[in-house]
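Quick note on the numbering used here: the sequence shown kicks off at 4 and runs consecutively. Below you'll find the structure, written out as C-alpha cells, and then a few comments.
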Amino acid sequence: FIVRILYQIYAVYLGSSNSKTQMMKMTNKVALVIGGASGIGQAIAQRLASVGALVPLTGRRQADVDAVADQIGQGVKGIVADAANPADVERAVAAVVAEHGRIDALVLNAALSEPADLLSSRAELFDRHFSLNVRGPLLAMRAAVPHMLPGSAAVVVGSTASEMAVPHYGTYAATKAAVRSYVRTWDP
Numbered sequence: 004f005i006v007r008i009l010y011q012i013y014a015v016y017l018g019s020s021n022s023k024t025q026m027m028k029m030t031n032k033v034a035l036v037i038g039g040a041s042g043i044g045q046a047i048a049q050r051l052a053s054v055g056a057l058v059p060l061t062g063r064r065q066a067d068v069d070a071v072a073d074q075i076g077q078g079v080k081g082i083v084a085d086a087a088n089p090a091d092v093e094r095a096v097a098a099v100v101a102e103h104g105r106i107d108a109l110v111l112n113a114a115l116s117e118p119a120d121l122l123s124s125r126a127e128l129f130d131r132h133f134s135l136n137v138r139g140p141l142l143a144m145r146a147a148v149p150h151m152l153p154g155s156a157a158v159v160v161g162s163t164a165s166e167m168a169v170p171h172y173g174t175y176a177a178t179k180a181a182v183r184s185y186v187r188t189w190d191p
C-alpha cells in the first residue's frame, strides 16, 4: 500500500474533482479517519463520504463523533477513541475490522498543537505532543496494516512546520518532523 504525507490535503490526495471515476474508486471502500471529529479530519471524512466511502471516524468525545456522523450522514460512523491511547486505537481498528473485514484507506490526522517557548516548555507539554502526534500514528499504523490489503492506502497528515522554524511551536514542529522521518522508513 501507499503511505503519503500531506501538506495540502485536498490538492494532494483527495483532489478537487467530483468526477464519476473518482466516485467509483472510493465507492464502498472502508476509510478509517483517526481524528475525524473536527477540523481537517472532519473535512476529509466528509469528502470521502461524498465519493461513496464507508467512513468510520474517531474522536475523543462521544458527542463530537456523533454530531459529525449525523452531520455527514450515510456511511459515516463515529467511534470514541483517544488517538494517544494505544488500547483505544487498537479497539477502534478492531471495531472497523469486525464490521467491515478490512481497512482500504487509513487517514492519520489526530494531532495537538500548543504554543510554548523554550523556557515555558514543560515535560507534560512534550509528553502530550509526542504521545498524540508521534506515538499515535505509529501505533495506529501498526494496528491497521495487518487488515489492509494490497492496493490500500494510508495518509499521514503532515505539516510544513516539520521543515521550518515556527516561533513558540517547536514541540509541535519536532513531532511533525519525527512523523515525517518515521513515514520514510515504513515499508510493510
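Virtual Cβ for every residue (Gly too), placed ideally from N, Cα, C.
- Between the alpha carbons of A52 and L142 lies a distance of about 25 angstroms.
- Distance from the Cα of A40 is smallest, within the candidate group K32, H103 and V110, for V110.
- A contact between stretches requires three or more CB pairs, one per stretch, nearer than 8 angstroms, and the region 111 to 127 fails this requirement with the region 64 to 73.
- Annotation: T178 is outside any beta strand (DSSP E); the continuous alpha helix (DSSP H) that includes it extends over G173 to T188.
- Rounded to whole angstroms, R131 and P89 show a C-alpha spacing of 14 angstroms.
- Contact check between the region 114 to 124 and the region 168 to 185: three or more CB pairs, one atom from each, fall below 8 angstroms, which counts as touching.
- Where A108 is concerned, the enclosing beta strand (DSSP E) starts and stops at A108 to L111.
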